[in-house]
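Undergrad: Have a look at this one before I ask anything.
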Amino acid sequence: MTQPDQLRLLAVHAHPDDESSKGAATMAKYVHEGVDVLVATCTGGERGSVLNPAMDRPEVWERLPQIRSEEMAAAREILGVGQEWLGFVDSGLPEGDPLPPLPEGCFALVPTEEAAAPLVALIRRFRPQVMTTYDERGGYPHPDHIKTHKISVHAFEAAGDPDRYPELGEPWQVSKLYYNMSFTLPRTKAIHEAMLAGGLDSPYAEMLEKWDPAKDISHRVTTRVPCGEYFGIRDRALIAHATQIDPTGRWFSTPMDMQQRVWPTEDFELARSLVDSATPEDDLFAGIRSRADEEVGVR
């Protein structure tokens with residue numbers, strides 16, 4: 001049973017591991033502050049690859065769906081969050097020219113009205129004031145990420161409407177919806193330049209050479225959450241997804257103190273809001289904390 005005066009955050013992600021690479025330090029910060037944080041994972045990641053060479057073994061591939069579930073359990077313990085599966089099947093990342101059709105029955109092919117239903121039910125049960133998810137491009141163009149965006153926006157709009165999904169519980173209107181803005185040009189350049197200035201090899205040189213400035217999304221950032229002290233928890237949660245994350249890879253090549261000094265925030269775009277809060281913000285609950293305190297008395 002949710003407490004009426006408690007702050008609650010729902011983070012909607014496509015696969016196990018996404019929660020640890022997008023907004024994880026922010027979630028850990030809010031958990032530390034006493035916020036009830038829940039991750040909704042749309043699929044089981046069944047069609048994901050094994051991206052860590054140390055885990056690329058036959059016995060891992062044989063048990064990959066179960067292992068990914070076990071990795072998710074470890075990561076959520078590290079982050080201190082709750083987590084629920086929405087129950088859809090990973091669509092995989094199609095490759096080739098032309099792209100092959102998506103597998104029958106996969107998440108990306110489920111009609112949005114149907115695919116959003118479990119998320120609407122979860123929102124009405126958990127009653128979050130804030131949701132986070134991906135932007136309209138999915139953060140990157142994976143079919144499951146794009147579908148996650150679609151069902152998140154749909155559920156944000158539907159969960160508070162008593163005429164929609166009436167069988168799924170009492171309506172609940174989420175107050176704010178944010179998009180993760182993890183990978184922006186200014187952030188990547190700042191870390192790249194700091195590594196070069198520190199005499200280190202930057203893993204971002206090739207990425208920056210290929211980056212089309214016209215496609216940068218940094219102008220959309222409205223909210224920067226200071227959470228550098230929780231980057232270590234973020235990294236531990238990432239490493240818990242051992243099939244997906246190589247601990248010797250470029251994710252971990254930037255020294256922690258440099259990350260905390262150069263870019264100590266995780267960044268978001270406020271996409272929908274039903275409360276007054278001036279931007280730029282440094283808190284996903286801006287405009288909500290004061291209202292909650294007024295309703296129940298300052299704690």
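Residue 203 in UniProt numbering is what sits at position 203 of the sequence shown, and the numbering runs on without skipping anything.
We put the beta carbon where it would ideally sit given N, CA and C, even for glycine.
(1) Whole angstroms is fine: what's the gap from K147's alpha carbon to T184's?
(2) Report the rounded CA-to-CA distance for G87 versus C42, giving the unit in angstroms.
(3) According to DSSP, is F268 part of a helix, a strand, or is it coil?
(4) Starting from D36, trace the beta strand (DSSP E) in both directions and tell me its first and last residue.
(5) Roughly how many angstroms lie between the CA atoms of P58 and H241, to the nearest whole one?
(6) Among the residues of its own chain, which have a CB less than 7 Å from the CB of A116, if the five just before and after it don't count?
(7) Which stretch, first to last residue, makes up the beta strand (DSSP E) that contains R8?
(8) From what residue to what residue does the beta strand (DSSP E) around F285 run?
(9) Between the beta-carbon of L51 and the beta-carbon of T222, is there less than 9 Å?
(10) Identify, in the order they occur along the chain, each residue of the same chain with its Cβ nearer than 8 Å to the Cβ of T289, setting aside the five sequence neighbours on each side.
(11) Let's test the definition: count the other Cβ atoms within 10 Å of the Cβ of D212 and tell me whether it reaches 16, buried, or not, exposed.
(12) Cα separation between G23 and A11?
(13) Looking only at its chain, what residues have a beta carbon closer than 7 Å to the beta carbon of residue 329, apart from the 5 residues adjacent to it on each side?
TA: From the atom records:
(1) The residue you call residue 147 lines up with position 147 of the sequence shown. The residue you call residue 184 lines up with position 184 of the sequence shown. Roughly 22 Å between the two C-alpha positions.
(2) Along the sequence shown, one-based indexing puts residue 87 at 87. Along the sequence shown, one-based indexing puts residue 42 at 42. Those two C-alpha atoms are separated by around 6 Å.
(3) Counted from its first residue, the sequence shown places residue 268 at position 268. DSSP places F268 in strand when its eight states are reduced to three.
(4) As a first step, residue 36 is located in the sequence shown; it is residue number 36 there, counting from the start. Its beta strand (DSSP E) spans residues 36–43.
(5) As a working note, residue 58 is residue 58 in the sequence shown. As a working note, residue 241 is residue 241 in the sequence shown. Roughly 17 Å between the two C-alpha positions.
(6) For the purposes of this step, residue 116 is taken as residue 116 along the sequence shown, with counting starting at 1. Around A116: I151, H154, A155, A158.
(7) Within the sequence shown, numbered from 1, the residue matching residue 8 stands at position 8. Run containing R8: 8–13, per the beta strand (DSSP E) assignment.
(8) Stepping through the sequence shown from its first residue, residue 285 is reached at position 285. Unbroken run through F285: none, as it is neither H nor E.
(9) For the purposes of this step, residue 51 is identified with residue 51 of the sequence shown, where counting begins at 1. For the purposes of this step, residue 222 is identified with residue 222 of the sequence shown, where counting begins at 1. Cβ distance not < 9 Å, so L51 and T222 don't count as in contact.
(10) Looking up residue 289 in the sequence shown gives position 289. Note that residue 289 is Arg in the sequence shown, not Thr. Closer than 8 Å at Cβ, skipping near neighbours: L7, D283.
(11) Counting from one through the sequence shown, the residue named residue 212 turns up at place 212. Flag for D212 reads exposed.
(12) On the sequence shown, residue 23 is found 23 positions in, with the first residue counted as 1. On the sequence shown, residue 11 is found 11 positions in, with the first residue counted as 1. If you take the alpha carbons of G23 and A11, they lie about 9 Å apart.
(13) Lying outside 1 to 299, the shown extent of the chain, residue 329 is not represented and no answer is given.
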